[in-house]
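S.K.:
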Amino acid sequence: MTMVSVNGTELYVHDVGPRDAPALVFCHSLFFDADMFAAQVERFSGEYRVVTYDNRGQGRSAAAPLEQLDMDTMADDAAALIETLGLAPCHFLGNSMGGFVALRLAARRPELLRSAVVLGSSGDEEGKKAEFGPLVEHMQQHGTGDVIDTLMYIMFGDTSLADRPELTGPWREYMLKLDRSIGDAAHGVVYRTAVREELAGTSVPVLAIAGAEDHAYEVPLSEAIATTAPNGRCVVVEGTGHSVALEVADEVNRILSEHFASVESGAGTPA
Numbered sequence: 007m008t009m010v011s012v013n014g015t016e017l018y019v020h021d022v023g024p025r026d027a028p029a030l031v032f033c034h035s036l037f038f039d040a041d042m043f044a045a046q047v048e049r050f051s052g053e054y055r056v057v058t059y060d061n062r063g064q065g066r067s068a069a070a071p072l073e074q075l076d077m078d079t080m081a082d083d084a085a086a087l088i089e090t091l092g093l094a095p096c097h098f099l100g101n102s103m104g105g106f107v108a109l110r111l112a113a114r115r116p117e118l119l120r121s122a123v124v125l126g127s128s129g130d131e132e133g134k135k136a137e138f139g140p141l142v143e144h145m146q147q148h149g150t151g152d153v154i155d156t157l158m159y160i161m162f163g164d165t166s167l168a169d170r171p172e173l174t175g176p177w178r179e180y181m182l183k184l185d186r187s188i189g190d191a192a193h194g195v196v197y198r199t200a201v202r203e204e205l206a207g208t209s210v211p212v213l214a215i216a217g218a219e220d221h222a223y224e225v226p227l228s229e230a231i232a233t234t235a236p237n238g239r240c241v242v243v244e245g246t247g248h249s250v251a252l253e254v255a256d257e258v259n260r261i262l263s264e265h266f267a268s269v270e271s272g273a274g275t276p277a
């Protein structure tokens, strides 16, 4: 665990696994940090170099003003991190906000990637600005305390909320401790630009994993990513919501294992 200087900021980075193996780079959701991928780090760090990091303005990385928290800047951060650590070409994986970063890399910096995996994400402009905009403004002024139940509903599926307090409880406490700056990060997410049409020209295999219970970005948004990317595929996972990598870690790890093997064999995303 270390701080790495890239693109004018300092990112908290966790870097484990054999240095001569293909690299997996994981980019977290809004309201979370790199620790949301603990199950993936445990599963894959024996055979891959696994890098997780906190995005600028979030987690343990350096603070940043609102105007530097847009998705294009975060994608530039990710590209600089890949180059600084010598990870290219890597598999880049992102949940929700991390998926916005992954798609930008696939479209604009394909030479850096072996593949892109997006979980609970979208390639389009935000379709719920009327719903999420006031939430962003509230957090910018007051933090998360008054809206924590709304955040939990957005970030987790019905099954996890009802049946898995051991999973959702600690993340609820984490979100409650976030200060008002998380509202600025949320602004960058909600007021992002679209990137999906740029994927039409990418050579990078793109896997979209969607939760059937996702309250934020429903399944058709993942399907649209897969149909736009020339080598795209969508997998829908039952019993999970927006935080797919967390909620159904074992199933996600199985899907990822098959995906990595297929890409490494030259077959692209498995049919």
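Letter by letter, the sequence shown follows residues 7 to 277 in our numbering. Here a beta-carbon is modelled for each residue, glycine too, at the ideal position from N, C-alpha and C.
For the stretch 42 to 101, which segments carrying the alpha helix (DSSP H) assignment without a break, of at least 4 residues, lie completely within its bounds, in sequence order?
M.R.: Listed in chain order, they are 44 to 50, 77 to 91.
S.K.: Cα separation between G217 and G92?
M.R.: So the alpha carbons of these two residues sit roughly 32 Å apart.
S.K.: Give the secondary structure of M181 by DSSP, where H, G and I count as helix, E and B as strand, and everything else as coil.
M.R.: Note: M181 maps to helix in three-state DSSP.
S.K.: The alpha helix (DSSP H) that contains E114, what's its start and end?
M.R.: The identity of residue 114 in the sequence shown is Arg, whereas the question assumes Glu. Taken as a continuous stretch (DSSP letters only), the alpha helix (DSSP H) holding R114 covers 103 to 114.
S.K.: Compare the C-alpha of M103 against each of E89, R120, V124, A94 and name the closest.
M.R.: Nearest C-alpha to M103: V124.
S.K.: Give the list of continuous beta strand (DSSP E) stretches no shorter than 3 residues that lie fully inside the stretch 171 to 242.
M.R.: Entirely contained in the stretch 171 to 242, the beta strand (DSSP E) runs reaching 3 residues are, in chain order, 212 to 217.
S.K.: Expressed to the nearest angstrom, what Euclidean distance is found between the alpha-carbon atoms of E131 and S263?
M.R.: Spanning the two alpha carbons is a distance of roughly 30 Å.
S.K.: Leaving out five residues on either side along the sequence, give the residues of the same chain with a beta carbon under 7 Å from the beta carbon of M158.
M.R.: Contacts found: L167, T174, R178.
S.K.: Does L205 have its Cβ less than 8 Å from a Cβ in chain B?
M.R.: Although the question refers to chain B, the structure presented lacks it and comprises just one protein chain.
S.K.: Reducing DSSP to helix, strand and coil, say where D39 ends up.
M.R.: Coil, per DSSP.
S.K.: Does the stretch 36 to 55 come within contact of the stretch 78 to 86, defined as at least 3 CB pairs closer than 8 Å?
M.R.: No contact exists between the stretch 36 to 55 and the stretch 78 to 86.
S.K.: With a Cβ-Cβ cutoff of 8 Å, do S121 and V269 count as a contact?
M.R.: Yes, Cβ-Cβ distance for S121 and V269 is below 8 Å.
S.K.: Mind checking which residues open and close the alpha helix (DSSP H) that includes R260?
M.R.: Here the alpha helix (DSSP H) through R260 covers 255 to 270.
S.K.: Whose C-alpha, out of D60, V22, E224, is nearest the C-alpha of F38?
M.R.: Here the closest residue by C-alpha is D60.
S.K.: If you measure between the beta carbons of A136 and L118, is that distance less than 8 Å?
M.R.: No, these two residues do not count as a Cβ contact at 8 Å.
S.K.: Over the uninterrupted alpha helix (DSSP H) stretch that includes S249, give me the two end residues.
M.R.: It is not in any alpha helix (DSSP H) - S249 carries neither H nor E in the DSSP assignment.
S.K.: Using a threshold of 8 Å, state whether the C-beta atoms of F98 and A108 are closer than that.
M.R.: Against a cut-off of 8 Å, the Cβ pair of A108 and F98 comes out as a contact.
S.K.: Just curious, the alpha helix (DSSP H) that A136 is in, first and last residue?
M.R.: Unbroken alpha helix (DSSP H) run through A136: 135 to 148.
S.K.: Does the structure place the stretch 14 to 27 close enough to the stretch 137 to 147 that three or more beta carbon pairs sit under 8 Å?
M.R.: The answer is no - the stretch 14 to 27 does not touch the stretch 137 to 147, with fewer than three Cβ pairs under 8 Å.
S.K.: Taking Cβ to Cβ, would you say V40 is nearer than 8 Å to T58?
M.R.: One point to set straight first is that residue 40 is Ala, not Val, in the sequence displayed. The answer is yes: Cβ separation under 8 Å.
S.K.: From what residue to what residue does the alpha helix (DSSP H) around D21 run?
M.R.: Not the alpha helix (DSSP H): D21 falls in the beta strand (DSSP E), residues 15 to 22.
S.K.: Should R186 go down as buried or exposed, given a rule of 16 or more other Cβ atoms within 10 Å for buried?
M.R.: With fewer than 16 other Cβ atoms within 10 Å, it is exposed.
S.K.: Among residues of its own chain, excluding the 5 on either side of T90, which ones have a beta-carbon nearer than 7 Å to its beta-carbon?
M.R.: Excluding sequence neighbours, T90 sits near V10, V12.
S.K.: Name the two residues that bound the continuous alpha helix (DSSP H) containing A168.
M.R.: Here the alpha helix (DSSP H) through A168 covers 164 to 169.
S.K.: Identify the residues that DSSP records as bridge partners of A29: which are they?
M.R.: A29 is bridged to R55.
S.K.: Give me the DSSP bridge partner(s) of M9.
M.R.: DSSP, once it has assigned bridges, lists Y18 as partnering M9.
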